[in-house]
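2 protein chains.
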Amino acid sequence: MSGVHVSTVSRTFSAPHLVNTETRNRVLAAAEDLGYRPNRAARALTTGRTHNLGLIVADIANPFFSHLIKGAQAHARTRDYHVFVADTDEDPQVEEELIQTLAKQVDGVLLCSPRLSNRVIEKLREDVPFVVVNRRMKGMSNVLMDVGSGAREAIAHLVSLGHSRIALLAGPAGSWTSKEITDAARSVPGIDLTVFGPNSPTEHGGLALAEAVASADVTGVLAYNDLMAIGLVEGLTSLGVDVPTQVSVVGIDDIVAGRVSRPKLTTVAMPAEAAGRTAVDLLLQLVGAGETATPALATLATNLIIRDSTGPVRHELRTDP
Amino acid sequence: MSGVHVSTVSRTFSAPHLVNTETRNRVLAAAEDLGYRPNRAARALTTGRTHNLGLIVADIANPFFSHLIKGAQAHARTRDYHVFVADTDEDPQVEEELIQTLAKQVDGVLLCSPRLSNRVIEKLREDVPFVVVNRRMKGMSNVLMDVGSGAREAIAHLVSLGHSRIALLAGPAGSWTSKEITDAARSVPGIDLTVFGPNSPTEHGGLALAEAVASADVTGVLAYNDLMAIGLVEGLTSLGVDVPTQVSVVGIDDIVAGRVSRPKLTTVAMPAEAAGRTAVDLLLQLVGAGETATPALATLATNLIIRDSTGPVRHELRTDP
DNA sequence: AGCGACACTGCAACCGGTTGCACGAAACAT
DNA sequence: ATGTTTCGTGCAACCGGTTGCAGTGTCGCT
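Just so you know, the protein sequences line up as chains A and B, in that order.
77 is the number that numbering that gives the first Met the number 0 gives to position 78 of the first sequence; each next residue is one higher, with no gaps.
37 is the number that numbering that gives the first Met the number 0 gives to position 38 of the second sequence; each next residue is one higher, with no gaps.
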């Protein structure tokens with residue numbers, strides 16, 4: 000209605016300095032009037048930039064991921080990007096489909112704790128730039144938590160309390176983090192380690208292991224995440240095994256539920272929000288640089304939070320029957 | 000490479016019956032070979048259908064929403080739709096921007112527990128079809144939880160335990176659910192109700208109210224959600240007020256943290272996953288029907304789950320000083 | 001007055017598909 | 001053998017923007 004060519008309208012929004020102030024104002028006024036906003040999808044057709052990022056997680060209900068998501072979304076917003084989140088339900092098949100669908104609708108994808116094989120990820124990478132969180136992949140940008148040293152710290156804590164027979168509840172198959180934790184635990188000398196898994200990384204997964212843990216000859220447990228640890232504690236308690244006097248339990252993640260459950264959960268805190276922010280930074284860097292991009296690696300520190308689910312081993316109760 | 004016109008390729012994917020079986024196979028083979036997939040965004044330009052839905056929540060870290068999201072995503076997937084989730088951080092401003100950006104990239108939006116005013120929502124509605132969850136809006140499709148009767152049931156439970164001086168911890172300003180709960184509570188005869196709020200619907204929000212609740216002359220509390228209830232219990236406990244012997248607390252939502260916190264939280268369960276599924280159904284119905292759509296209303300039942308955070312009032316302790 | 005520089009703005013091709021229409025060939029009917 | 005369908009495919013316009021190029025008008029300078 001302002002009687003100008005579409006290209007002028009276009010420039011008003013994407014290159015304001017190229018259009019006369021007065022014309023621009025007229026266009027803006029008309030746009031305001033008609034409630035017009037440039038169509039991002041159409042723009043993406045020619046520019047190749049959607050100004051959207053995709054974020055894929057295995058389980059949106061896992062509080063660890065929620066915080067990562069919040070960090071990523073808030074940070075992306077400050078860079079005029081939007082983050083679309085999708086949940087794979089721990090299903091590698093769904094994960095792959097999701098990436099392919101997302102590929103053309105976003106400028107880059109944050110892949111968090113993928114369950115896919117490295118090979119498939121390498122292939123998908125041709126379709127869209129990636130930053131992989133919680134998995135080390137050569138030649139790609141990664142955001143990692145130093146979960147190995149977190150696990151070692153947790154086990155050192157158990158050892159310092161006198162525990163030497165320790166169980167490790169592994170996470171899901173395909174999880175890099177789970178492998179990392181397992182390797183770290185195995186590398187600790189002088190302990191007797193039993194590994195259970197792979198398991199579903201949920202409260203239910205922990206609950207299901209209660210009997211096995213109770214009948215195994217262990218006094219300390221490190222779980223793949225807090226959800227499992229909480230489930231385990233619940234299970235042990237209902238079996239009449241007290242935490243921490245009979246078994247000490249350490250989780251990983253530091254989610255709210257761990258702080259309010261009783262006993263309060265000792266855990267390895269993961270900087271989820273920071274990871275989300277960092278991942279967005281690396282991804283935008285990658286997107287901006289195009290083909291020439293150098294993959295970057297960020298490793299974030301973890302730290303042990305000692306609460307009430309761990310305590311000194313009681314030797315007298317653990318003599319032979 | 001298969002030597003056919005683009006339009007034939009297009010038809011191979013969007014109208015297979017129009018193309019010769021043999022040609023189709025050749026195209027599909029070539030596509031497979033080149034890793035070609037139709038660009039959804041480009042398709043959307045002409046068809047007006049992106050096959051994407053947007054889902055907007057106030058706080059993705061709230062477990063109630065996580066389950067709603069999972070329900071919606073899983074259900075949408077079976078209809079060949081994808082759901083993009085975005086978090087507003089409880090900020091109406093962000094909520095509005097998000098809707099506008101999403102508007103052209105999705106076929107419809109699920110707006111969950113909006114903080115925006117009805118007026119603004121009515122306006123935004125011209126840009127994109129909506130289904131509003133947890134808010135009654137005339138002329139629009141809604142998915143509601145019968146939170147009013149849930150609240151009445153919760154209060155009846157408290158009354159049956161002998162409580163009559165009851166506190167209500169309201170939710171955030173602008174929340175329809177909060178208003179609904181408050182109205183329901185006020186409509187219960189024979190109790191002495193104190194309303195606190197509006198409050199931040201988080202653990203921290205509940206924690207912050209502990210002192211006020213402790214010094215108010217109440218023996219029963221109904222909180223806007225479990226997160227607040229958990230925070231309140233934490234706060235009361237650290238003030239030396241025991242739950243449930245001195246104060247009984249009821250939450251709303253039935254999140255995991257409530258089941259593992261001690262005492263286990265009595266709560267009004269909300270069918271979050273079902274709500275997500277239902278909302279997707281209504282939205283697709285709306286999208287399919289275009290302008291002629293009749294708005295639908297779905298109300299889902301809630302139910303009281305009695306656990307350990309509520310108990311009989313102890314009259315002897317509550318005599319005057 | 002004449003000329004180049006500069007600031008705007010319009011033109012048209014393009015992004016990657018979709019779709020109504022037309023056309024040719026094969027199949028069927030008369 | 002000829003006329004009529006039917007089927008399969010190509011053509012070209014279009015969706016809503018972006019952008020290189022060219023054209024116009026204004027201004028300053030010699």
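Yeah, the Cβ is synthetic: ideal placement off N, Cα and C, and Gly gets one too.
Proximity to residue i [Cα-Cα], best of the options
i, options, result
"D88(B)", "I180(A), A73(A), A85(A)", "A73(A)"
"M269(B)", "I254(B), L17(B), E21(B), E96(B)", "I254(B)"
"G107(B)", "R135(B), V312(B), A292(B)", "A292(B)"
"S163(A)", "D225(A), I154(A), E202(A)", "I154(A)"
"Y35(A)", "V26(A), R42(A), A43(A)", "V26(A)"
"L101(A)", "G287(A), D216(A), V84(A)", "V84(A)"
"Q245(B)", "A169(B), I165(B), E179(B)", "I165(B)"
"K103(B)", "H16(B), V259(B), P128(B), D58(B)", "P128(B)"
"A321(A)", "V248(A), V8(A), V56(A), V212(A)", "Residue 321(A) falls outside the range modelled here, since chain A spans only 0 to 320, and no answer is possible."
"H81(A)", "G53(A), S140(A), N38(A), N61(A)", "G53(A)"
"T298(A)", "R261(A), S308(A), S140(A), E233(A)", "S140(A)"
"Y223(A)", "A30(A), P243(A), N198(A), D90(A)", "N198(A)"
"L283(B)", "N51(B), P37(B), A41(B)", "N51(B)"
"A30(A)", "K263(A), V3(A), S237(A), D79(A)", "V3(A)"
"D58(B)", "P62(A), V240(A), V220(A)", "P62(A)"
"A75(B)", "E95(B), A213(B), V286(B)", "V286(B)"
"D79(A)", "L160(A), R48(A), A60(A)", "R48(A)"
"L221(A)", "T266(A), E233(A), V242(A), V259(A)", "T266(A)"
"G189(B)", "E95(B), V158(B), A288(B), L97(B)", "V158(B)"
"L115(A)", "G138(A), V56(A), S6(A)", "V56(A)"
"E95(B)", "T77(B), D126(B), A71(B)", "D126(B)"
"L33(A)", "S214(B), K122(B), P15(B), V93(B)", "K122(B)"
Under the three-state DSSP convention, the category residue i falls into
i, result
"N51(A)", "strand"
"H81(A)", "strand"
"A28(A)", "helix"
"T100(A)", "helix"
"L143(B)", "strand"
"L67(A)", "helix"
"A14(B)", "coil"
"T298(A)", "strand"
"S260(A)", "strand"
"T87(B)", "coil"
"D191(B)", "strand"
"V158(A)", "helix"
"H4(A)", "coil"
"D58(A)", "coil"
"D280(A)", "helix"
"D241(A)", "coil"
"D182(B)", "helix"
"V312(A)", "coil"
"S199(B)", "coil"
"D319(A)", "Low local confidence applies: a pLDDT of 46 at D319(A) is under 50, so the model's placement there is unreliable, with the coordinate-based value given in what follows. Here D319(A) sits in coil by DSSP."
"G230(B)", "helix"
"T20(A)", "helix"
"G34(A)", "coil"
"S174(B)", "coil"
"G138(B)", "coil"
"L208(A)", "coil"
"T236(B)", "helix"
"H74(A)", "helix"
Those residues which DSSP pairs with residue i across a bridge
i, result
"A222(B)", "L168(B)"
"S247(B)", "G219(B)"
"S163(B)", "Answer by DSSP bridge pairing: none, since S163(B) is not bridged."
"I304(A)", "T266(A)"
"D252(A)", "A268(A)"
Given 8 Å as the limit, is there contact between the stretch 65-79 of chain A and the stretch 274-287 of chain A, that is, 3 or more CB pairs closer than that? Short answer: they touch.
Please list the segments of the beta strand (DSSP E) lying wholly inside the stretch 105-136 of chain A, counting only runs of 3 or more residues, in order along the chain. Complete beta strand (DSSP E) runs here, min 3: 107-111, 129-132.
I'd like to know if the stretch 226-239 of chain B and the stretch 196-216 of chain B are in contact, where contact means that at least 3 CB-CB pairs between them fall below 8 Å. Three or more beta-carbon pairs drawn from the stretch 226-239 of chain B and the stretch 196-216 of chain B are found closer than 8 Å, and the two stretches are therefore classed as touching.
Between the stretch 13-25 of chain B and the stretch 294-303 of chain A, do at least 3 Cβ pairs fall closer than 8 Å? Too few Cβ pairs lie closer than 8 Å, so no.
Touch test, the stretch 166-177 of chain B against the stretch 131-146 of chain B, Cβ-Cβ under 8 Å, three pairs minimum: Between the stretch 166-177 of chain B and the stretch 131-146 of chain B there are three or more C-beta pairs closer than 8 Å, enough to call the two in contact.
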